[in-house]
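Each remark here refers to the structure printed beneath this line.
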Amino acid sequence: MESVALYSFQATESDELAFNKGDTLKILNMEDDHNWYKAELRGAEGFVPKNYIRVKPHPWYSGRISRQLAEEILMKRNHPGAFLVRESESSPGEFSVSVNGSRGLNFRHGCLGPAFSWRLPVPAAPPPTGTSYGDQVQHFKVLREVPGKYHLWEEKFDSLNELVAFYRTTTIAKKRQVFLRDEESVVKPPRACYAQAQFDFSTQDPSQLSFRRGDIIEVLERLDPCWWRGRLCGRVGFFPRSYVQPVHL
Numbered sequence: 001m002e003s004v005a006l007y008s009f010q011a012t013e014s015d016e017l018a019f020n021k022g023d024t025l026k027i028l029n030m031e032d033d034h035n036w037y038k039a040e041l042r043g044a045e046g047f048v049p050k051n052y053i054r055v056k057p058h059p060w061y062s063g064r065i066s067r068q069l070a071e072e073i074l075m076k077r078n079h080p081g082a083f084l085v086r087e088s089e090s091s092p093g094e095f096s097v098s099v100n101g102s103r104g105l106n107f108r109h110g111c112l113g114p115a116f117s118w119r120l121p122v123p124a125a126p127p128p129t130g131t132s133y134g135d136q137v138q139h140f141k142v143l144r145e146v147p148g149k150y151h152l153w154e155e156k157f158d159s160l161n162e163l164v165a166f167y168r169t170t171t172i173a174k175k176r177q178v179f180l181r182d183e184e185s186v187v188k189p190p191r192a193c194y195a196q197a198q199f200d201f202s203t204q205d206p207s208q209l210s211f212r213r214g215d216i217i218e219v220l221e222r223l224d225p226c227w228w229r230g231r232l233c234g235r236v237g238f239f240p241r242s243y244v245q246p247v248h249l
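According to the UniProt record's numbering, the stretch in the sequence shown is residues 1 to 249, in order.
Structure representation (structure tokens):
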């Protein structure tokens, strides 16, 4: 998590972290002491006084909760991509991302080609520690192998905020298409919402919906920016958003 320094602070103990007014610090732990947070700045770690900084609002941060409680919370939210960031149970001071991955689009044949706008993690990479590919909640441990850098796969980020922002538009999972979503950002189309195909689309997976240019598709769900779910002539499946144009009938 990120915070902004309200005042400059000079460290007087070896375990404290000095900073200047306006610096952006990464908060590593805010649970153990109500007056001092553990933070990171430019690769250095130490304790900082709580009243010298302002923590940026992070509605997705749940603090020190168990894996089981995270699953219960996300199951109640009941929409694909619902997520939270929590302190890792197995590694204090580190973090895990828990995601409701239900109803994600399965990748049965790997990457579907350059015409599609998502980016898949490199297949040769080992899965993040603690990941569980279930039908519902998946857990990803955030790794910090390089000082000041966070990552799940190959892409590295300067903060948890950047990591979360990246996986809002890039699938966080390898075996299915799962984007991080805030509850209010899940958009359901109004009744009788339609789109007209601008190009032909041939399915490469049983979960997809094929169509011809000019077809009128009933839009059932818009769960992410790249793929919608629709119905055409009694067939239901996913199709690329970039291939259609919404229409009002």
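All residues carry an ideal CB built from backbone N, CA and C; glycine is no exception.
Under a Cβ-count criterion, where at least 16 other Cβ atoms within 10 Å of its own Cβ denotes burial, should residue i be classed as buried or exposed?
i	result
P80	buried
V247	exposed
P126	Note that P126 scores 43 on pLDDT, short of 50, meaning its location in the model is unreliable and no value can be drawn from it.
V4	exposed
S14	exposed
G230	buried
N35	exposed
A70	buried
Q208	buried
D32	exposed
Name the DSSP bridge partner or partners of residue i?
i	result
N20	Answer by DSSP bridge pairing: none, since N20 is not bridged.
P240	W227
C193	V219
V97	V85, F140
S62	Per DSSP, none; premise fails for S62.
E232	Note that residue 232 is Leu in the sequence shown here, rather than Glu. R235.
L41	A44
V178	Answer by DSSP bridge pairing: none, since V178 is not bridged.
K76	Paired residue(s): none; K76 is not in a bridge.
I53	A5
L25	S3
H151	L143, K156
Identify which residue in the options has its Cα closest to the Cα of residue i.
i	options	result
I65	A39, D224, S98, V55	S98
S90	G101, V142, K76, Q196	V142
residue 250	Q138, E94, N51, A18	With the chain represented from 1 up to 249, any question about residue 250 goes unanswered, as that position is not in the structure.
S8	Y52, W228, G214, H34	Y52
E2	E71, S14, L41, A18	L41
G234	R222, Q177, E218, D224	E218
F95	N161, S14, L220, W228	N161
P49	K156, I27, P206	I27
F140	V178, R222, T12	V178
L232	D224, D215, E221, R222	D215
E16	D32, Y37, E221	Y37
F47	W60, Q10, G63, L6	Q10
G43	W228, R144, D224, Q204	R144
T203	G237, E45, L6	G237
Going by beta carbon distance, what residues of the same chain come within less than 7 Å of residue i, once the five residues before and after it are set aside?
i	result
F201	S210, F211, F239, P240, Y243
S180	Per the sequence shown, residue 180 should be read as Leu rather than Ser. G81, F83, V99, V164, Y167, R168, I172.
residue 252	Lying outside 1 to 249, the shown extent of the chain, residue 252 is not represented and no answer is given.
Which residues in the same chain as residue i place their Cβ atom closer than 6 Å to its Cβ, once the five residues preceding and following it in sequence are excluded?
i	result
S117	Interpretation of S117 is limited by its pLDDT of 35, a score under 50 that renders its predicted location unreliable; the figure taken from the coordinates is listed afterwards. Taken in chain order, the residues that qualify are C226.
A82	L74, N100
F199	R213, Y243
Could you check whether the Cβ of residue i sits closer than 7 Å to any heavy atom belonging to the ligand GDP?
i	result
R229	You won't find the ligand GDP in this model; it holds no ligand whatsoever.
Report all residues from its chain with a CB closer than 8 Å to the CB of residue i; omit the five preceding and five following residues, and keep chain order.
i	result
G93	L28, N29, K38, E87
F157	K149, Y150, H151, L163, F166
E45	L17, L28, K38, A39
If we define contact as Cβ-Cβ less than 8 Å, is residue i a contact residue for chain B?
i	result
C233	You won't find chain B in this structure, because it holds only one protein chain.
Under 8 Å: do the segment 85 to 98 and the segment 12 to 26 share three or more Cβ pairs, one atom per stretch?
no
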